[in-house]
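Student:
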Amino acid sequence: MACGLVQFPRMRKTQDTQERILRAAIHEFAYHGFNRGIVHIARKARVNEITIYRLFNDKDGLCRAALRDASRSNTLVTHLTSILAQDTLPCLSETIAELVRLTLGPTRDYYRLLYQAALARPDLLKEWDEDKLRPHTHPLLTEYIRRLQAQGDLVPECPPEQASRDIFGILLGAFTRNVLTPGGELSDPDPVEAVRHFFQILDRRAVDRMNG
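Numbering (the working numbering), first residue to last: 4 to 215.
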């Protein structure tokens, strides 16, 4: 027991160091790309480079760990999971507007990492995309669309898998315009309201069809 009590502070310190390194790595990779040197991450995390190599083996190990850690803040997964736990689903316009807000807000650094991987580390992106253990947004969004169609709130002719991909494309478009190129001529004054207004048209059409 005494031995355990002596070791606990050391374990806590190691965990704190790992978390600090991961926060620094996520920021540096997200804003500067995966070619960013370990020296910059070490400086931001206030550790020496040897500590990073000791905890993560090599730079690729740190890249993978940063992606895994950032994925925990993928609030799109959390939000869609909570929606699917409800008996009656919220309308399409409100759901997509909230997903846009989350994409541009708390989840933006995760998508920045995916963007940087697409630019310079397609091998890392492919490995990550095929990782069965990570939370995937597409199956949740597909199930939401399927159940929305079952409620009669969306046209049944559109395959849920395709609709999920189309909607995700809209989310990535909003991310590109408003996070990667903020203030540009294609950025939206209010991206959340713009998406809500667009999908409200579809909601009204669904209601009109139901009222026939």
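Idealized CB from N, CA, C, for every residue including glycine.
Does residue 156 pass the burial test, meaning 16 or more other C-beta atoms within 10 Å, or should it be called exposed?
Tutor: The residue you call residue 156 lines up with position 153 of the sequence shown. The residue is buried, with at least 16 neighbouring Cβ atoms inside 10 Å.
Student: Let me check you understand the geometry: is the CB of residue 153 closer than 8 Å to at least one non-hydrogen atom of the ligand ZN?
Tutor: As presented, the structure is devoid of all ligands, the ligand ZN included, so that no description of it is given.
Student: Taking the alpha helix (DSSP H) that residue 139 belongs to, which residues open and close that run?
Tutor: Translated into the one-based positions of the sequence shown, residue 139 becomes position 136. Careful: residue 139 lies outside any alpha helix (DSSP H) and carries neither H nor E.
Student: Restricting to Cα atoms, I'd like to know which of 33, 41, 104 is closest to residue 72.
Tutor: One-based indexing of the sequence shown puts residue 72 at position 69. Nearest option by C-alpha distance: 33.
Student: Please classify residue 37: does DSSP put it in a helix, a strand, or coil?
Tutor: Residue 37 sits at position 34 when you count from the first residue of the sequence shown. Under the three-state reduction of DSSP output, residue 37 falls in the coil class, being neither helix nor strand.
Student: Could you check what DSSP says for residue 78 in three-state terms: helix, strand or coil?
Tutor: For the purposes of this step, residue 78 is taken as the residue at position 75 of the sequence shown. Of the three classes helix, strand and coil, the one that applies to residue 78 here is helix, per DSSP.
Student: Taking only three categories from DSSP, how would you classify residue 2?
Tutor: The structure shown does not extend to residue 2, since the chain is modelled only from 4 to 215, so the question has no answer here.
Student: Note the first and the last residue of the continuous alpha helix (DSSP H) segment covering residue 112.
Tutor: As a position in the sequence shown, residue 112 is number 109, starting the count at 1. From DSSP, the alpha helix (DSSP H) with residue 112 extends over 111-123.
Student: Is residue 88 helix, strand or coil when you go by DSSP?
Tutor: In the sequence shown, counting from the first residue as 1, residue 88 sits at position 85. In this structure, residue 88 counts as coil in the three-state DSSP scheme.
Student: So that I know if they touch, is there some Cβ in chain D lying closer than 9 Å to that of residue 73?
Tutor: Of the protein chains in the structure, only one exists, and it is not chain D.
Student: Among the candidates 38, 54, 37, whose CA atom is the shortest distance from the CA of residue 45?
Tutor: By 1-based counting over the sequence shown, the position of residue 45 is 42. Selected option, being the one with the closest Cα: 54.
Student: Identify, in the order they occur along the chain, each residue of the same chain with its Cβ nearer than 7 Å to the Cβ of residue 84, setting aside the five sequence neighbours on each side.
Tutor: Along the sequence shown, read from residue 1 onward, the residue named residue 84 stands at position 81. 143.
Student: Quick one: what's got a C-beta closer than 7 Å to residue 87's C-beta in the same chain, skipping five residues either side?
Tutor: Reading the sequence shown from its first residue, position 84 is the one you call residue 87. 143, 146, 147, listed in sequence order.
Student: Straight-line CA distance for residue 112 to residue 58?
Tutor: As a first step, residue 112 must be located in the sequence shown, where it is residue number 109. As a first step, residue 58 must be located in the sequence shown, where it is residue number 55. Going by the C-alpha atoms only, they are around 23 Å apart.
Student: What's the C-alpha gap between residue 123 and residue 117?
Tutor: For the purposes of this step, residue 123 is identified with residue 120 of the sequence shown, where counting begins at 1. For the purposes of this step, residue 117 is identified with residue 114 of the sequence shown, where counting begins at 1. So the two alpha carbons sit approximately 10 Å from each other.
Student: Check whether the segment 183-194 and the segment 164-172 are in contact - that is, three or more C-beta pairs closer than 8 Å.
Tutor: no
Student: Whose CA, out of 70, 76, 200, lies closest to the CA of residue 109?
Tutor: Translated into the one-based positions of the sequence shown, residue 109 becomes position 106. Nearest C-alpha to residue 109: 76.
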